[in-house]
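Just so you know, the sequences run in chain order A and B.
Under my numbering, the residue at position 13 of the first sequence is numbered 16, and the numbers go up by one with no gaps.
Under my numbering, the residue at position 89 of the second sequence is numbered 351, and the numbers go up by one with no gaps.
Glycine included, C-beta positions come from ideal geometry on N, C-alpha and C.
Just so it is clear, the structure is predicted and the values come from calculations on it, not from any experiment.
Input: a single structure, listed below in C-alpha cells.
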Amino acid sequence: DPKQGNILSFFKRK
Amino acid sequence: MFELRLVQGSLLKRVIDAIKDLVNDANFDCSSTGFSLQAMDSSHVALVALLLRSEGFEHFRCDRTFSMGMSIANMAKMLKCASNDDIITIKADDGTDTVTFMFESPSQDKISDIEMKLMDIDSDHLGIPDAEYDAIVRMPSSEFSSICSSLSSIGDTVTITVSKQGVTFSTKGDIGSGNITCRQNSSTEKPEEATIIEMKEPVCLTFALKYITTFTKATSLSSQVTISLSSDMPVVVEYKIAEMGHVRYYLAPKIGE
Chain A
4 DPKQGNILSF
14 FKRK
Chain B
263 MFELRLVQGS
273 LLKRVIDAIK
283 DLVNDANFDC
293 SSTGFSLQAM
303 DSSHVALVAL
313 LLRSEGFEHF
323 RCDRTFSMGM
333 SIANMAKMLK
343 CASNDDIITI
353 KADDGTDTVT
363 FMFESPSQDK
373 ISDIEMKLMD
383 IDSDHLGIPD
393 AEYDAIVRMP
403 SSEFSSICSS
413 LSSIGDTVTI
423 TVSKQGVTFS
433 TKGDIGSGNI
443 TCRQNSSTEK
453 PEEATIIEMK
463 EPVCLTFALK
473 YITTFTKATS
483 LSSQVTISLS
493 SDMPVVVEYK
503 IAEMGHVRYY
513 LAPKIGE
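This is the structure:
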C-alpha cells in the first residue's frame with residue numbers, strides 16, 4: 004500500500 | 263490591547279467547527295493584518311491555515327502582534343453559548359492569561375460574557391512556498407462534500423485524477439470500488455454551481471479520505487471549494503470566506519507502493 008506522507012517533509016519550519 | 267467585533271458571529275462558530283476535528287490546540291496570531299492561525303493535526307499529515315483579515319471586522323484593534331494559545335475544543339464549547347445571530351466580541355489584554363468572548367443578541371436584550379483560559383502552546387510556523395500547481399479545480403463545495411462522503415463508505419483513500427476529461431475521484435475498498443467524474447461546467451448561470459478545471463499538466467494523487475472528509479466541515483463557509491494539485495505535493499483545499507479571508511487545508515499525499 005502507498006505510505007502516508009508527512010507535511011513536515013514538504014514544508015519546513017520557519 | 264486586542265479587541266475584535268464580528269457582527270456575523272455565526273461565521274466564527276462555523277470557522278471553529280471547520281477546524282475542531284483536525285486541530286486540538288493552536289496559537290491564534292493577532293496583528294494589524296488580522297486574526298490568523300496555522301496548525302497541524304497531531305500526526306503531522308495535514309495543516310490548516312486560517313486568515314480573517316482585519317478589514318472584515320466591524321471593529322478591530324490590535325496594539326501589538328502577539329499569539330493567543332487556545333484549545334479549539336474549549337473554544338467550540340464557549341461558542342456554543344452564542345446564538346447564530348449574535349454579535350461576537352473577543353477581547354484580550356496584554357499579559358493576561360485569559361480571553362473574553364462577549365455575545366450580544368441583535369436586539370441587545372441579552373449579553374453573555376464568557377472568559378476562557380489561554381494556554382502556552384509551543385508551535386512553529388511552517389513556510390509554505392508559493393507554488394504553481396499542475397491543476398486547479400473549482401467546484402461547488404456541497405458537491406465535493408457529497409463526493410467525499412459517498413466514497414468514504416466504500417474505501418479509505420481517494421485518488422484524484424485531473425485530465426482533459428475532467429476531474430475523477432476514485433476509491434477502492436473490500437466491498438468494491440467507485441469513481442465519480444466531474445466535467446468542466448462553466449455555462450451555468452449561477453457561478454456558485456460552476457465547475458472549472460485549469461490544467462497545465464495531468465495529475466493523479468492519492469489521499470486519506472478521513473482527512474479530506476474532515477476538511478469538508480468548512481462547506482458552510484463557501485459555496486465553492488478550490489482544490490490545487492501538483493504531483494508529489496500536498497493538495498490545497500481552500501474555502502474562501504467572503505470579504506474576510508480563507509480556510510486552507512494542506513494534506514500530504516500517499517506516496518509510492
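Interface with chain A (9 Å Cβ-Cβ cutoff): residue 435 of chain B is excluded. Counting the other Cβ atoms within 10 Å of the Cβ of residue 486 of chain B gives 16 or more, which makes it buried. In this structure, B:473 is the residue among B:313, B:266, B:473, B:402 with its C-alpha nearest to the C-alpha of residue 306 of chain B.
For residue 308 of chain B, the residues of chain A that pass the 8 Å Cβ criterion are 10, in the order they occur in the chain. According to DSSP, residue pairing for residue 301 of chain B in a beta bridge involves B:310. When secondary structure is reduced to three states using DSSP, residue 495 of chain B falls in the coil class, being assigned neither helix nor strand. Of all residues in the segment 452-477 of chain B, those with a C-beta nearer than 8 Å to a C-beta of chain A are 468, 470, reading in chain order. Inter-residue distance for residue 469 of chain B and residue 5 of chain A is about 10 Å (C-alpha atoms, whole angstroms).
Rounded to the nearest whole angstrom, the C-alpha separation of residue 330 of chain B and residue 336 of chain B is 13 Å. Distance check between residue 319 of chain B and each of B:435, B:266, B:492 places B:266 closest, using alpha-carbon atoms only. The beta carbons of residue 367 of chain B and residue 403 of chain B sit no closer together than 9 Å. Beta-bridge analysis with DSSP links residue 443 of chain B to B:430. Shortest Cα-Cα distance from residue 376 of chain B to any of B:396, B:391, B:338 involves B:338. Judged by pairs of C-beta atoms under 8 Å, the segment 358-366 of chain B touches the segment 378-385 of chain B, as three or more such pairs exist. Residue 265 of chain B is bridged by DSSP to B:323, B:353. Using a Cβ distance threshold of 9 Å, residue 489 of chain B and residue 500 of chain B count as a contacting pair.
Residue-level contact by beta carbon fails for residue 321 of chain B and chain A, as no gap is shorter than 9 Å. For residue 477 of chain B, the secondary structure class from DSSP, reduced to helix, strand or coil, is helix. When Cβ-Cβ separations below 9 Å define contact, residue 402 of chain B makes no contact with chain A. In the same chain as residue 407 of chain B, and ignoring 5 residues on each side of it, the C-beta atoms closer than 7 Å to its own belong to 478, 481, in chain order.
Measuring C-alpha to C-alpha distances from residue 416 of chain B to each of B:429, B:441, B:398 identifies B:441 as the nearest. Listed by position along chain A, the residues whose Cβ is nearer than 9 Å to that of residue 512 of chain B are 10, 13, 14.
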